[in-house]
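Input: a single structure, listed below in C-alpha cells.
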Amino acid sequence: MLSLGPLIINNPAGLWALLGVPALVMIHFLQRKLTRVPVSTGFLLDHIAFQSPEGSRFERFRSSLPFWLQLLAVLILAALLSGLDWRQTRPLRRVAIVMDGSASMAVSRERAADAVTSLLQSAAGDARLDITVTASDSERDVLYRGDQPQEVASALERWLPLEGTHDPADALRTARALVGDAGAVFFVTDQVPTEPLPYAAHFLAVGEAMDNVGITAVRVVGANENDRRIEAMLYQFGENETSVEWSVAFPELDRESTPRAVTIAAGGAVKVEAGLPPSVTRAVVVVRSSDGFALDNVAPVVVPQPKHLAVAASSEVDPAALAFWQRIVGALENVEWTSDATTADVTVRTRRSKSDGHSVLHLPASGERLPIRTEAITSAVHPLVDELNWQALAPRMRDGFTPASGSAPLLWQGEHPLAWIERDGGHRALVMNLNPDDASGVRDPSLVVLCARFLQRVRESLPRPESLLSETDVALKVVLPERAPQPGAKPPLYEWTVTPVGAAAQSVWLGAHDLRGLPTPRVPGWYALRDDAGTPVVDGAAWFSDTREMNFLNASSMSDVPADVFAAGTASDGVVGRDVSLILLALVALMLGLWYVMRGKDGREASEPSVLVTRAK
C-alpha cells in the first residue's frame, strides 16, 4: 500500500496502466499529410487519391472528443487496477462486549442479543465502530469481530453458553487490552454483579427471575443386575410449589416409562427412583418442565463400573491387621480380596521385600502392650490426609522403618516419621510405622480413610477400562497401557465418541497427548474412548449438576451503563473504503452515450476528403 497525502493506493502495480496516457497522446499527434489538388470539375473528386503517399507524420496535436473519452478510459482503468482510496477523519469507537458464558445465560440469549444490538446502534452515530464480542467461559471464543452492529445479533444466535459458575475477570482483562484505555468494555450477564467489575467495565444484566426444577443428582444402586435401580434428586429453585412429570427412557430398548407426576414444595427436593431392566446399560431421566432451562431436565445414566483392583496380604500379616484390611476391601466397589499375592495389584506386608507391584507396609503386631507415644501428630498437605483428624490414633513406642530417599511424608509424631509414600519406578508403597491393631487404628476412622484413599489412588493409576457416572465438563484421568515402540510404526490413535441426549453420536480421533485432561462433554450425554483396535478405555455418562446455574431467583435486568459512555470517541485517521464501482460504471455509460451521439457527426467528417481542393484558373 502507498500513501500520497490523503490518497491511498492499495495496489501500486496498477499505476503501470498510466503508460497508456503518453501512448494515446502520441497516437493523436500522428496525422496524414494533406494533398493539394487543383481541379476544375467537381465530378472528378471521386477519382482522386486524397491520402499522401508519404504516410502519417508528427505535425500537430489535434484535440477531439474521442481523444478525451479515451484518456478518461485510461484513467478509470488505472484507478481500478491500483485500488484507490482516500482518508477521512472520523471518530473511531472501540467496543468490546464480553458475554457471560454461564449456562444460565441460555435462557436470556434472545434478550441479550436485543440489548447488545441496541447498545451498538447507540454507539454508532457518525463514528466508525471496532466491535469485538467474546465469551467469558474457558473456551474464550471470539463470537464476532467487525464494524457492523446488525451482524452481531446473527452471531449471538449461534452462541450456546454451557459453562458453570466462573469468574469473568480474565475475559474482561483481555477485552480491555483489545480496546485500550479509550475504548468501552461491557459485560452482558443475567444477574447484577455483587461487586464492581474490574478494568472499568460496565455490566448489562438481561436476566429474568423465574422458578426452575432440575435434576441435581443421579446414581445407580443395587449390587446385582436384577436389583439395580436409578435414583434421581429433583430440586425446586423457586418460591412457589411446582408440579412436574418425570420418566425414564431406555435408548437400547427404544422405550420410555410412563410419565409420573410429582409435586415439589418451594425450595424443596424430592427423590424419585425407577427400576433398571437387566442387561440395560444406558438410560436417561427426563423431567418435563416449562421453565425454559433445558440442561437440567435430562440426566443420562450408565451402570458405573470402577476399575478392578485385587488386594492380597503376605503370610506374615497378623490376623487382626488382616481383618482390618479385609473390611476396607469389602467396603470398596469392585475391589477384590485375593489369596494369591503374585497376581494382586496391592500387597499388604510387614517387612520390606522386593515387590513387582504396589504395596502397603506396616509394622507387625508387637505381642505386648508397649507405651503410647504422647507427642502431637502432624499431617502434611497431601490429598491422602487432607481434612483428617488424628487425635484417636495411638501409636506405640517401637522401632520401625526408615523412609527411603525421595519419600513423600504424610504423618509424623514429634521427630518420629509415622506414615509416608515411597515410589519404586511406576509402583508406590504406603509405609506406616504402626500396626493397625496396636495403634487403635481399627477404631480410628482417619486411618481407615487414609488406607482407602491409597487403594483408590492405586486403582486410578491402573490402565484398565472403567465406566463412570460423572458431571459435565470435568477432566477425565485417562491411563493408557504402555506400548513397546515399534520401528516405523505410527503413533496410536484413540476414538472419542460423544452422544448428546436426543442427538446423533459424534466421533473424533485423538492422539495420546490429546487425552491429558480430556474433559467430559459440555452437554448432557454419553461418551466413550476406544483405542485403534476397538478396546474400551473409558465410557460413561455426564449430566449437568451446577446448582448455582439452576437458580434463577437472583436473575434481573439492570445496567450501570452511563448515558454519556459514547460521548467521545478516539479521533483517528482511518482508511474509509469507498466502493467506486458504481461511479466508474456511470462514467463508462457516459462515455458510451457521448460516443453514440457523436458517432453520426464523426462519420460524416470521416467521409469528407482530407484534401485541399483549389479551383483551376
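Mapped onto the UniProt record's numbering, the consecutive letters of the sequence shown carry residue numbers 1 to 617. Note that CB positions come from ideal geometry on N, CA and C, so glycine has one too.
Report the residue ranges of all alpha helix (DSSP H) runs contained in full by the segment 61-121; include only those spanning at least 4 residues, in chain order.
65-82
Three-way DSSP call (helix, strand, coil) for residue 673 in this model
Given a span of 1 to 617 for the chain in the structure shown, any question on residue 673 remains unanswerable.
Range of the contiguous beta strand (DSSP E) that encloses Val478
By one-based count along the sequence shown, residue 478 stands at place 478. Premise fails: Val478 is in no beta strand (DSSP E) and is neither H nor E.
Where does Lys617 sit, in a helix, a strand or coil, going by DSSP?
Mapped onto the sequence shown, residue 617 falls at position 617. Low per-residue confidence applies at Lys617: pLDDT is 43, beneath 50, and the placement is therefore not dependable enough to give any value.
Should the segment 94-101 be called in touch with the segment 132-144, which here means at least 3 C-beta pairs below 8 Å?
yes
Take Leu309 and list the residues in its own chain whose beta-carbon comes closer than 8 Å to its own, dropping the five residues that flank it on each side.
Taking the first residue of the sequence shown as position 1, residue 309 is located at position 309. Within the same chain, Leu309 has close Cβ partners Leu332, Asn334, Val335, Glu336, Asp345, Val346, Leu455, Val458, Arg459 and Leu462.
To which residues of the same chain is Pro521 closer than 8 Å at the C-beta, ignoring the five residues directly before and after it?
Position 521 of the sequence shown holds residue 521. These residues qualify, in order along the chain: Thr472, Asp473, Val498, Pro500, Tyr527 and Ala542.
For Val329, the first and last residue of its enclosing alpha helix (DSSP H)
Within the sequence shown, the letter at position 329 stands for residue 329. Taken as a continuous stretch (DSSP letters only), the alpha helix (DSSP H) holding Val329 covers Pro319 to Ala331.
Buried or exposed, going by whether 16 or more other CB atoms sit within 10 Å of the CB of Leu361?
One-based indexing of the sequence shown puts residue 361 at position 361. By the neighbour-count rule (16 or more Cβ atoms within 10 Å), Leu361 is buried.
With respect to the alpha helix (DSSP H) encompassing Arg453, which residues constitute its N-terminal and C-terminal limits?
Taking the sequence shown and counting its residues from 1, one reaches residue 453 at position 453. Where Arg453 is concerned, the enclosing alpha helix (DSSP H) stretches over Pro445 to Glu460.
Buried or exposed for Gly357, going by 16 or more other Cβ atoms inside 10 Å?
Numbered from its first residue, the sequence shown carries residue 357 at position 357. Result: buried.
Figure out for me which residue from Leu411, Thr263, Pro492 and Asp170 has the closest Cα to the Cα of Arg288.
Along the sequence shown, one-based indexing puts residue 288 at 288. It is Thr263 whose Cα lies nearest to the Cα of Arg288.
Nearest to Asn435 by alpha carbon, out of Leu410, Ala321 and Trp246?
By 1-based counting over the sequence shown, the position of residue 435 is 435. The shortest C-alpha separation from Asn435 is found at Ala321.
If you follow the alpha helix (DSSP H) that Val154 is in, where does it begin and where does it stop?
Reading the sequence shown from its first residue, position 154 is the one you call residue 154. Per the sequence shown, the amino acid found at residue 154 is Ser instead of Val. Element bounds for Ser154: Pro149 to Glu157.
Determine the burial state of Ser446: buried for a count of at least 16 other Cβ atoms within 10 Å of its Cβ, exposed for fewer.
Counting from one through the sequence shown, the residue named residue 446 turns up at place 446. Buried, by the Cβ-count rule.
Just to confirm the assignment, what range does the alpha helix (DSSP H) spanning Ala177 have?
Counting from 1 along the sequence shown, the entry for residue 177 is found at position 177. Where Ala177 is concerned, the enclosing alpha helix (DSSP H) stretches over Ala169 to Val179.
Where do the ends of the beta strand (DSSP E) carrying Thr347 lie?
Reading the sequence shown from its first residue, position 347 is the one you call residue 347. Segment Val346 to Arg349, the beta strand (DSSP E) holding Thr347.
Pick from Gly20, Ala533 and Asp114: whose alpha carbon is nearest that of Ala73?
Reading the sequence shown from its first residue, position 73 is the one you call residue 73. Closest option to Ala73, Cα to Cα, is Gly20.
Residues near Arg176 by beta carbon distance below 6 Å, same chain, minus five either side
Walking along the sequence shown from the start, residue 176 turns up at place 176. Here the set comprises Val185 and Tyr199.
Rounding to the nearest angstrom, what Cα-Cα distance links Phe250 and Ser314 in this structure?
Here residue 250 corresponds to residue number 250 of the sequence shown, with the count starting at 1. Here residue 314 corresponds to residue number 314 of the sequence shown, with the count starting at 1. For Phe250 and Ser314, the distance between alpha carbons rounds to 46 Å.
Range covered by the beta strand (DSSP E) that runs through residue 620
Because the chain in this structure spans residues 1 to 617, residue 620 falls outside the shown range and cannot be described.
Ser545 and Thr194 look like a contact to me (Cβ under 8 Å); what is the Cβ gap, rounded to whole Å?
On the sequence shown, residue 545 is found 545 positions in, with the first residue counted as 1. On the sequence shown, residue 194 is found 194 positions in, with the first residue counted as 1. At roughly 23 Å, the Cβ-Cβ gap does not stay under 8 Å, so Ser545 and Thr194 are not in contact.
CA-to-CA distance, Asp539 to Pro306, given in whole angstroms
Translated into positions along the sequence shown, residue 306 becomes position 306. Translated into positions along the sequence shown, residue 539 becomes position 539. Spanning the two alpha carbons is a distance of roughly 11 Å.
Segment limits, alpha helix (DSSP H) that includes Arg548:
Looking up residue 548 in the sequence shown gives position 548. Looking at the DSSP string, the run of the alpha helix (DSSP H) that includes Arg548 is Thr547 to Met550.
Of the residues Ala103, Met591 and Trp496, the one placed nearest His166, counting alpha carbons only:
On the sequence shown, position 166 is the one that residue 166 refers to. Cα-wise, what sits closest to His166 is Ala103.
Looking at the strands, I want to know which residues DSSP matches up with Arg428.
Reading the sequence shown from its first residue, position 428 is the one you call residue 428. DSSP output for Arg428 lists Arg423 as bridge partner(s).
Taking all protein chains shown into account, do 16 or more other C-beta atoms lie within 10 angstroms of the C-beta of Ser118, making it buried, or fewer, making it exposed?
Reading the sequence shown from its first residue, position 118 is the one you call residue 118. Looking at its Cβ environment, which holds fewer than 16 other Cβ atoms inside 10 Å, Ser118 is exposed.
If contacts are defined as beta-carbon pairs under 8 Å, then Asp437 and Leu493 qualify, I think. What distance do you get, rounded to the angstrom?
For the purposes of this step, residue 437 is identified with residue 437 of the sequence shown, where counting begins at 1. For the purposes of this step, residue 493 is identified with residue 493 of the sequence shown, where counting begins at 1. Not confirmed; about 51 Å, so no contact.
Judging by CA-CA distance, which residue of Gln150, Ala13 and Leu92 is the nearest neighbour of Arg82?
By one-based count along the sequence shown, residue 82 stands at place 82. Sequence check: residue 82 is Ser here, not Arg. With distances taken between Cα atoms, Ser82 lies closest to Ala13.
DSSP three-state assignment for Asp291, whether helix, strand or coil:
Counting from one through the sequence shown, the residue named residue 291 turns up at place 291. Three-state DSSP puts Asp291 in coil, outside helix and strand.
Mind checking Trp420: buried by the 16 CB within 10 Å criterion, or exposed?
Here the question's residue 420 lines up with position 420 in the sequence shown. Flag for Trp420 reads buried.
Do Ala475 and Gly511 have their C-beta atoms closer together than 8 Å?
In the sequence shown, residue 475 corresponds to position 475, counting from 1. In the sequence shown, residue 511 corresponds to position 511, counting from 1. It is not a contact, given that the beta carbons lie outside the stated cut-off.
For Tyr596, name the three-state secondary structure that DSSP assigns.
Your numbering for residue 596 matches position 596 in the sequence shown. The answer is helix: DSSP assigns Tyr596 an H, G or I state.
Need the endpoints of the beta strand (DSSP E) that Phe203 sits in, please.
For this step, residue 203 is matched to residue 203 along the sequence shown. Note, Phe203: beta strand (DSSP E), His202 to Val206.
Which term fits Gln236, buried or exposed, when burial requires 16 or more other beta carbons within 10 angstroms of its beta carbon?
The residue given as residue 236 occupies position 236 in the sequence shown. Gln236 comes out buried.
Meets three-Cβ-pair contact criterion under 8 Å: the segment 393-407 and the segment 359-375
yes
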